[in-house]
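Asker:
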Amino acid sequence: MFKNFFITLFRNFSRNKFYTTINIVGLSVGLICTILILLFVQDELSYDKYNVNHERIIRLGSDFTLSGKRDRVATSPLPFGPTFAEEFPEVEQFVRFQGSGRQQFKYDDKEFYEEHIAFADSSVFTIFSFPLLKGDPQKALTQPYSIVLNETLAKKYFNGEDPIGKILLVGENTAYTVSGVMKDLPSNSHFKYNAFYSMKTLESIRGAEQFNSQQPISFWSFNNYTFLLLKENSEADAILEKFPAYYEKYMKELGDQLGVSYKLIIQHLEDIHLRSQLQWDAPTGNIKYIYILTAIAIFILSIASINYMNMATARSSKRAKEVGIRKVVGAQRDNIIRQFMMESISLTVFALIIALICVELLLPLFNQLVNKDLTLSILDTPEVILFNVILAVLLGLISGSYPALYLSSIQPVFILKGRNGKGGANGFLRKLLVISQFTVSAMMISGTIIVASQFLYMNSMDVGFNKKDIVVSVIRDSVLRTRIDALKMELKKNPNIKAVATSSSLIGFGGSKTVHLYESDEGMQQYALNFNVIDFDYIDLMEMNILKGRNFNREIPSDTINAFIVNESAAIKFNWGENALGKKLQVGVEIEGVEDGGEVQLGEVIGVIRDFNYQPLKDLIEPMNLIVSENPDYRRNLHVKINSENKKETLLYIQKVWNEFCPNMSFGYSFLDDRMKENYEPEERLTWIFSIFSLISILIASMGLFGLSSFMAEQRTKELGIRKVLGASVAKLVYLLTREFIRLIVIANIVAVPISYWALSAWLSDFPYHISIGIWIFVVTLIVSLVIGLFTVAWQSYRAASSDPIKAIKYE
Amino acid sequence: MINTKNLIKVFRTDEVETTALNNVNLEINKGEFVAIMGPSGCGKSTLLNIIGLLDNPSEGELHFNGYQVENYTERQRTNLRKENIGFVFQSFNLIDELTVFENVELPLLYMKVSGAERKRRVNEALERMNIAHRAKHFPQQLSGGQQQRVAIARAVISNPKLILADEPTGNLDSANGEEVMNLLTQLNEEGTTIIMVTHSPSDADRSHRIIQLFDGHIVTENMRQKL
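Protein chains in written order, with the UniProt record's numbering: chain A, 1 to 812; chain B, 1 to 227.
#1: Could you check whether residue 444(A) and residue 26(A) sit closer than 8 Å to each other, using their CB atoms as the reference points?
#2: With three or more beta-carbon pairs closer than 8 Å as the criterion, would you say the stretch 350–360 of chain A touches the stretch 20–39 of chain A?
#3: Please classify residue 14(B): does DSSP put it in a helix, a strand, or coil?
#4: Which residue wins for smallest C-alpha separation from residue 237(A), given the options 498(A), 56(A), 339(A) and 23(A)?
#5: Please report the Cβ distance between residue 282(A) and residue 183(A), rounded to the nearest whole angstrom; I am assuming they are in contact, meaning their Cβ atoms lie under 8 Å.
#6: Can you name the residues that DSSP bridges to residue 94(A)?
#7: Ordered along the chain, which non-local residues of its own chain (more than five positions away) have a Cβ less than 6 Å from that of residue 706(A)?
#8: Using a Cβ-Cβ distance cut-off of 8 Å, determine whether residue 714(A) contacts chain B.
#9: For a contact meaning CB atoms closer than 7 Å, what does residue 332(A) contact in chain B?
#10: Helix, strand or coil, according to DSSP, for residue 24(B) in the structure here?
#11: What are the residues of the stretch 4–16 of chain A that lie near chain B, defined by any Cβ-Cβ distance shorter than 8 Å?
#12: When Cβ atoms are compared, which residues of the stretch 298–332 of chain A fall closer than 8 Å to chain B?
#13: Between the stretch 518–538 of chain A and the stretch 467–482 of chain A, do at least 3 Cβ pairs fall closer than 8 Å?
#14: Evaluate residue 576(A) with the Cβ neighbour count: other Cβ atoms within 10 Å of its Cβ, from every protein chain shown; 16 or more gives buried, anything less gives exposed.
#15: Considering residue 828(A), what are the terminal residues of the alpha helix (DSSP H) in which it resides?
#16: Going by beta carbon distance, what residues of the same chain come within less than 6 Å of residue 89(B), once the five residues before and after it are set aside?
#17: Are residue 176(A) and residue 129(A) closer than 8 Å when you measure CB to CB?
#18: Helix, strand or coil: which one does DSSP assign to residue 542(A)?
#19: Under 8 Å, Cβ to Cβ, is there at least one residue of chain B near residue 23(A)?
#20: May I ask you to report which of helix, strand or coil DSSP gives residue 73(A)?
#21: Within 10 Å of its beta-carbon, does residue 365(A) have 16 or more other beta-carbons around it, so buried, or fewer, so exposed?
#22: Would the stretch 4–15 of chain A and the stretch 249–268 of chain A be scored as touching if the rule is three or more Cβ pairs under 8 Å?
#23: Which residues bound the alpha helix (DSSP H) around residue 721(A)?
#24: In angstroms with no decimal places, state the Cα-to-Cα distance between residue 148(A) and residue 196(A).
#25: Look at the alpha carbon of residue 43(B) and the alpha carbon of residue 358(A), and state the distance between them as a whole number of angstroms.
#26: State the beta-bridge partners of residue 2(B) as determined by DSSP.
#27: Starting from residue 55(B), find everything on chain A with Cβ-Cβ shorter than 7 Å and list it in chain order.
#28: Please report the residue range of the beta strand (DSSP E) in which residue 110(A) lies.
#29: Under 8 Å, Cβ to Cβ, is there at least one residue of chain A near residue 67(B)?
#30: Are the beta-carbon atoms of residue 120(A) and residue 94(A) separated by less than 8 Å?
#31: Have a look at residue 26(B) and residue 3(B) and give me their C-alpha separation to the nearest angstrom.
#32: From 580(A), 603(A), 578(A) and 574(A), pick the residue whose C-alpha is nearest to that of residue 587(A); which is it?
#33: If we define contact as Cβ-Cβ less than 8 Å, is residue 109(B) a contact residue for chain A?
#34: Alpha carbon to alpha carbon, how far is residue 694(A) from residue 167(A)? Give it in angstroms, no decimals.
#35: Quick one, are the C-beta atoms of residue 143(A) and residue 198(A) less than 8 Å apart?
#36: Locate the alpha helix (DSSP H) running through residue 257(A), then write down its first and last residues.
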């Protein structure tokens, strides 16, 4: 029986190469997209689960509100680790990470800048599964100035030598002893660390007493990532429940003084990558993108599946005779159903084999697109392969179900006398299927337009300053910071350098925040205000707009002591209205009983600056204060505005000058606009993914339409012949054949509008600065669908309409 | 073997109601060779389809081998049909995608006959129809007469008690038609009951009895004195 199925199947396929090809190509492409997306999603969902203890590891975050401004951050105070371990019996161990930024590493003649390095407690290797290739995991980070490198760094600096015990010079020649080499962290780790300094190093820098201080002020500085390993069968909720007592004991007094309310955030390790949404977090994935991609995969598969159904039923009149005969000679309905199901499953399994081969070939490209290192091999991913086989069989069952049910219901008596079951008998359903295909395509097209426009918008939006042609470099050398004025003078000698300035925070990436007091009708009020410490040239270099008052002025020495420039948002927030100039503002507050309460600087507002996006565009502009200072500590970022021509020469010049001033640290730089673009990498990636997959979905839908239209044209050959004999022109006939499809495409677009609108609004609402969804987007979508649809249908229709009517009439 | 009582068949479309069979009472005995004649549209094929359990009567009774079958489910009808009835059509109705051998084999597949047995029986039937040399060919590669012989081989492969032939010579030239009629006659002589719809008086001459239909009624029944 099976043999007979396959014989019929194979001969049917080979006799209808055109339709079979359309089906197999459509199903294969659909499966390729699905497998790729599946691999991506599987990888995203696997983040951090390589840690043996992942179910027991939690991260402590902070949710605090100061004068009405709420911040939710991924970090927590330094003493949380040890005090949590003391206070909560659920905690087995803790580990803290404190990032150190970009640093220069030097060994022998090798010196490079390295990123993603952190100070970590020695417990890191027992809590996390970061295996050490060399060194003792228990002891590697117990001594001050010890460092554990990953394999890549170890190779880079020590190339074959045993790195253990070797001295690595970091930054301004701080000597670290290499005490271990760990395996590179897997790509599905939310940590991107390449090396760990021992936390003891920080302790020794700051002094044990201050480092381990449980003074109230230590609990109010959130600069550590704290992870806890819970004991077996302990619940994180228990800690949350008991936290109020802890707060009372360690934090409440100062908190009340500062006017801050505080809530503890507990996150499970495996939730960090996709569901974190906290500030100051490592770059993470986004569960929304997982949903979007999964939806796209389902869309594309359903389009391919609908193609199969459509063509199978459209061609049913050709298969009807076979069904009739089989029934007459004794086939039951279920025999027929089984036969057609087997056909569609064989087709999808065949398509799967092609798809798996193509995926293997396409993976490098796809990896580049999604910035991952995915693999597809039966050994690595047996569950993916198995899942795909199940998927293909399911796809076959679904695709085959309608044709099978329809064809098996054909009564033999209708066909045996040549009275074929009409191909148009199930026309309504076929129309419905075509509409749903083009609805999905229209959604994908408008999705692509919106995502791409949003991305372009964020890149080209007026951010309140001019980000073009600004070279930025971090100044780590403390000596260089004291010699900035001389450096500036030297740089400005080059005519291609227009301006040089420094600031404490890099624009576009947020800033620092500290408690301020501002003047109001009710006296001085507290507010956690963003601030950036700049120099006299900064505002001009950035081409920012002072709306009221004046810029900082070198000629007025008191500007460095008591002058502030606030942004529009601050003036509005503080209810200063038109009278911001001259209002009092104080940076920092005195805290009773705390010596180290921070410096306090009282002054008044000398200018109001137009709002500019100092934070990524994913955040709204918050109130901010600009402070001018000559304190070298704040000269962390160097900005050099250069001529847009001769960039190469100018950069070489800057490098030369830099090397003269700072021979022990090489010049690392980037362009500000490039750096800011990195903020929108997920959006850029989504734009690409959307464009590619929507193109594919349109392609598959068009292939189906092409097949369907050729079939319809073929079916109506006789009708067309008669019309032609009676005097219809070719144009009239083409219109006759295409108008039905045009109607379907228009209906599909109308159906797609509300769904697209809803989905895209939801996506856009994540962005405080976003484009609006104009009617034009749907008009363009309609035009694109129509052009593609018409192009697809017209050729077949023209061929049918212009064929010889005599042949057509003789037909049958 | 077959017994109909007041058989009525009405075809309905949205606006038109056509009575194809009107009070047809008929009795056909085992071993008979019956020809049904009449002008186009008189209900011959409808009658044949109802007897062959391909179609249901609108009213009336149909008895097959003593069983009352007009209310049988599709599954029951299929089972009855595959064990007892073979069909021969004017347009041969072979499956284009299958070879001669595979076409003839088809009924046995649905009867779950073993592979070796199938092969034996198909070869035997093909030999008998004198078409064995064409076993591996596809229907389109054969002449009309050859195709009809394949169709007859398929009809007899399950050793049915009844063969229903709907204008079996309608698409054939006289020589080929003659040959097909010889085969049918031979089958009848071996004991198979045959009911044949035909327009050809000479074909009808081979039968024992001719039933004349007109507008859904039986007009005359002529017993022929051939035996």
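Ideal Cβ placement from N, Cα and C applies to all residues, glycine included. Note that the coordinates shown come from a computational prediction; the quantities given were computed from them, not determined experimentally.
Answerer: Inspection of the coordinates gives the following:
#1: For the purposes of this step, residue 26(A) is taken as the residue at position 26 of the first sequence. For the purposes of this step, residue 444(A) is taken as the residue at position 444 of the first sequence. No.
#2: By the Cβ criterion, the stretch 350–360 of chain A is in contact with the stretch 20–39 of chain A, since at least three pairs of Cβ atoms, one from each stretch, lie closer than 8 Å.
#3: Here residue 14(B) refers to the residue found at position 14 when the second sequence is read from its first residue. The three-state reading of DSSP puts residue 14(B) in coil, since its state is none of H, G, I, E or B.
#4: Here residue 237(A) refers to the residue found at position 237 of the first sequence. The shortest C-alpha separation from residue 237(A) is found at 56(A).
#5: As a first step, residue 282(A) must be located in the first sequence, where it is residue number 282. As a first step, residue 183(A) must be located in the first sequence, where it is residue number 183. Not confirmed; about 19 Å, so no contact.
#6: Mapped onto the first sequence, residue 94(A) falls at position 94. Residue pairing by DSSP places residue 94(A) opposite 228(A) in a beta bridge.
#7: Counting from one through the first sequence, the residue named residue 706(A) turns up at place 706. For residue 706(A), the CB contacts under 6 Å within the same chain, skipping 5 residues up- and downstream, are 792 in chain order.
#8: On the first sequence, residue 714(A) is found 714 positions in, with the first residue counted as 1. Residue contact check for residue 714(A) against chain B: no CB pair falls below 8 Å.
#9: Taking the first sequence and counting its residues from 1, one reaches residue 332(A) at position 332. Those are 75 and 78, listed as they occur along chain B.
#10: In the second sequence, the residue the question calls residue 24(B) occupies position 24. In the displayed model, residue 24(B) falls within a strand according to three-state DSSP.
#11: Of all residues in the stretch 4–16 of chain A, only 4, 7, 8, 11, 12 and 15 place a beta-carbon less than 8 Å from a beta-carbon of chain B.
#12: Cβ contacts with chain B: 321, 322, 324, 325, 326, 327, 328, 329, 330, 331 and 332.
#13: Not touching, per the Cβ criterion.
#14: The residue given as residue 576(A) occupies position 576 in the first sequence. Under this definition residue 576(A) is a buried residue.
#15: Given a span of 1 to 812 for chain A in the structure shown, any question on residue 828(A) remains unanswerable.
#16: Here residue 89(B) is taken as the residue at index 89 of the second sequence, counted from 1. Only 166 meet the Cβ criterion.
#17: Against the first sequence, residue 176(A) aligns to sequence position 176. Against the first sequence, residue 129(A) aligns to sequence position 129. No; because the gap between Cβ atoms is not below 8 Å, this pair is not in contact.
#18: On the first sequence, residue 542(A) is found 542 positions in, with the first residue counted as 1. In this structure, residue 542(A) counts as coil in the three-state DSSP scheme.
#19: Residue numbering aside, residue 23(A) sits at position 23 when the first sequence is read from its first letter. No, no contact with chain B.
#20: Start at 1 with the first residue of the first sequence, and residue 73(A) comes out as number 73. In the structure shown, residue 73(A) sits in a strand (DSSP, three-state: E or B).
#21: As a working mapping, residue 365(A) is identified with position 365 in the first sequence. Its Cβ having fewer than 16 others within 10 Å, residue 365(A) is exposed.
#22: Under the three-pair Cβ rule at 8 Å, the stretch 4–15 of chain A does not count as touching the stretch 249–268 of chain A.
#23: Looking up residue 721(A) in the first sequence gives position 721. Unbroken alpha helix (DSSP H) run through residue 721(A): 717–725.
#24: Numbered from its first residue, the first sequence carries residue 148(A) at position 148. Numbered from its first residue, the first sequence carries residue 196(A) at position 196. Each residue's CA atom was taken as its position, placing residue 148(A) and residue 196(A) some 5 Å apart.
#25: Taking the second sequence and counting its residues from 1, the one referred to as residue 43(B) is at position 43. Taking the first sequence and counting its residues from 1, the one referred to as residue 358(A) is at position 358. Residue 43(B) and residue 358(A): Cα-Cα distance of roughly 59 Å.
#26: Taking the first residue of the second sequence as position 1, residue 2(B) is located at position 2. Paired residues: 28(B) and 64(B).
#27: One-based indexing of the second sequence puts residue 55(B) at position 55. Residues of chain A whose Cβ lies closer than 7 Å to the Cβ of residue 55(B) are, in chain order, 413.
#28: Counting from 1 along the first sequence, the entry for residue 110(A) is found at position 110. For residue 110(A), the enclosing beta strand (DSSP E) stretches over residues 110–114.
#29: Against the second sequence, residue 67(B) aligns to sequence position 67. No, residue 67(B) does not count as interfacial toward chain A.
#30: Residue 120(A) sits at position 120 when you count from the first residue of the first sequence. Residue 94(A) sits at position 94 when you count from the first residue of the first sequence. The Cβ-Cβ distance between residue 120(A) and residue 94(A) does not fall below 8 Å.
#31: Here residue 26(B) is taken as the residue at index 26 of the second sequence, counted from 1. Here residue 3(B) is taken as the residue at index 3 of the second sequence, counted from 1. Approximately 6 Å between the Cα atoms of the pair.
#32: In the first sequence, the residue the question calls residue 587(A) occupies position 587. Closest option to residue 587(A), Cα to Cα, is 603(A).
#33: Numbered from 1 along the second sequence, position 109 holds the residue referred to as residue 109(B). So yes, residue 109(B) belongs to the interface.
#34: Walking along the first sequence from the start, residue 167(A) turns up at place 167. Walking along the first sequence from the start, residue 694(A) turns up at place 694. Between the alpha carbons of residue 167(A) and residue 694(A) lies a distance of about 54 Å.
#35: Here residue 143(A) is taken as the residue at index 143 of the first sequence, counted from 1. Here residue 198(A) is taken as the residue at index 198 of the first sequence, counted from 1. In this structure, residue 198(A) lies closer than 8 Å to residue 143(A) by Cβ.
#36: Here residue 257(A) refers to the residue found at position 257 when the first sequence is read from its first residue. Segment 252–258, the alpha helix (DSSP H) holding residue 257(A).
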